[in-house]
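Report on the following structure.
Here is the structure:
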């Protein structure tokens, strides 16, 4: 059982059948706060988190149109277009003529973009290795397997949850 003093109010008023979900939810809140700190530090070093997500996604997709990249990151095409313009300006992405339709263009990660992705992943992996330094290989692998499963299930479930919970009551009892 988690230390109740670690986060005052956690578990208060929670039905026992929801305790585990509450613990996971509160851990996600803490993880999101830490992730926001990392994102802030990345921005101070000149790389916005959302721009890096685009760069890494494009790297995984390979050459593609801006609209396909927007769809892959579940973002508005105009927003992606603005962010891509910055990546092009920084020399991390280049526009090329679409081989299927010369009137259109496709996006591709440049060598500098690939180097940046490699370096950021190296830094992330080194940090995670420090986090898991006292875990056995079996514990680390088990967590990685379960965490990947959690993220996949969450990713699959969240759109319906957002749609189902689009209306409700705000704190203080006001209808939204």
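Residue numbers (our numbering): 1086 to 1261. Yeah, the Cβ is synthetic: ideal placement off N, Cα and C, and Gly gets one too. Since we're looking at a predicted model, the values are computed, not measured.
- Under the DSSP definition of a beta bridge, residue 1190 partners with 1182.
- Cβ-Cβ separation between residue 1154 and residue 1143: approximately 6 Å, consistent with a contact (criterion under 8 Å).
- Taking a cut-off of 8 Å for Cβ pairs, the region 1202 to 1214 and the region 1151 to 1169 do not touch, as fewer than three such pairs fall below it.
- CA-CA distance, residue 1248 to residue 1242, rounds to 10 Å.
- With fewer than 16 other Cβ atoms inside 10 Å of its own Cβ, residue 1152 counts as exposed.
- For residue 1198, the closest alpha carbon among the candidates 1219, 1174, 1216 and 1183 is that of 1174.
- Annotation: residue 1133 is outside any alpha helix (DSSP H) and is labelled neither H nor E by DSSP.
- Annotated as distal: residue 1156 and residue 1192, with beta-carbon spacing of 9 Å or more.
- Annotated as proximal: residue 1194 and residue 1140, with beta-carbon spacing under 9 Å.
- Here the alpha carbons of residue 1183 and residue 1108 stand approximately 49 Å from one another.
- Between the alpha carbons of residue 1129 and residue 1122 lies a distance of about 11 Å.
- 9 Å or more divides the Cβ of residue 1114 from the Cβ of residue 1138.
- By a beta-carbon distance limit of 8 Å, residue 1190 does not contact residue 1205. Their separation comes to about 26 Å.
- Within the model, the alpha-carbon separation for residue 1188 versus residue 1099 is close to 58 Å.
- Excluding sequence positions up to five before and after residue 1177, its CB lies within less than 8 Å of the CB of 1140, 1194, 1195, 1197, 1198 and 1201, all in the same chain and listed in chain order.
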